[in-house]
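Residue numbers (the numbering used here): 20 to 191. This report concerns only the one structure given below.
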Amino acid sequence: MSALSFGCQMNQYNDLRIIERSTLAAAQEAFLRSGKKIEELETPEFKPRPEHIEPQLTQEEIELRQMADQIRTLSETMTKTEMAKHMGISQDRISKVCKLSGISLRNGAGRNPGSRHVKPGEDKVMVERINALAQIGLSKLKVRNHIGIGWHRMDRLVNTYRIAFPGPSQCE
């Protein structure tokens, strides 16, 4: 559709509106000449809405709020697992209450995963075994599989105690 044809359509539309207004004015004039009069209706009075009454809390909502308060105080010093044991509820339940209440829990070990479970006595024995196997010439993967520990624990022990492993060409 070109701008010219659109302009023509707008002119036709405006012409129709002028015709409708003139016929309405003529009908109104004829009505008034017949002796009848136009009555204005009263506008309705403004009535403010009644105040909203808060519904009473159910027993479950009260318990959830109490649980949320308890979780808020415990979350400063405990992890979710410790809270679950302390409160006697599941970790899922704690997560749901936290989500509903907007509580964010701290990570169990902070920036060092596994650091809370470090046992120096076990580490010492494990480091001796790792050192012995590394001196034989086994790779990290073979040592880890032989001892039966995970990657994170293996990396922590190797980095903490600076255990040297043979290079790729020296491994079995």
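Note that beta-carbon positions come from the ideal geometry of N, C-alpha and C, so glycine has one too. Model, not experiment: these values are computed from the prediction.
Ignore the nearest five residues each way along the sequence and tell me which others in residue i's own chain have a CB closer than 7 Å to its CB.
i       : result
Ala-103 : Ser-109, Gln-110 and Ile-113
8 Å is my cut-off, CB to CB: does residue i come that close to chain C?
i      : result
Arg-84 : Annotation note: the requested chain C is absent from the structure, which comprises a single protein chain.
Can you name the start and end residues of the alpha helix (DSSP H) that residue i belongs to?
i       : result
Ile-90  : 78-93
His-105 : 99-106
Leu-157 : Segment: none, Leu-157 is in no alpha helix (DSSP H) and carries neither H nor E.
Ser-123 : Unbroken run through Ser-123: none, as it is neither H nor E.
Thr-179 : 170-180
Using 8 Å for Cβ pairs, my map puts residue i next to residue j. What's the rounded Cβ distance?
i       : j       : result
His-165 : Leu-152 : 6 Å
Gly-167 : Pro-185 : About 21 Å; that fails the 8 Å criterion.
Asp-142 : Leu-93  : Rounded, the Cβ-Cβ distance is 30 Å, inconsistent with contact.
Ile-81  : Cys-117 : Actually they are not in contact, since the Cβ atoms of Ile-81 and Cys-117 sit about 18 Å apart, beyond 8 Å.
Ala-87  : Ser-120 : 4 Å
Met-173 : Lys-159 : 7 Å
State yes or no: is the C-beta of residue i nearer than 7 Å to some heavy atom of the ligand ZN?
i       : result
Asp-111 : Judged by which ligands are present, the structure shown has none, so any question about the ligand ZN falls away.
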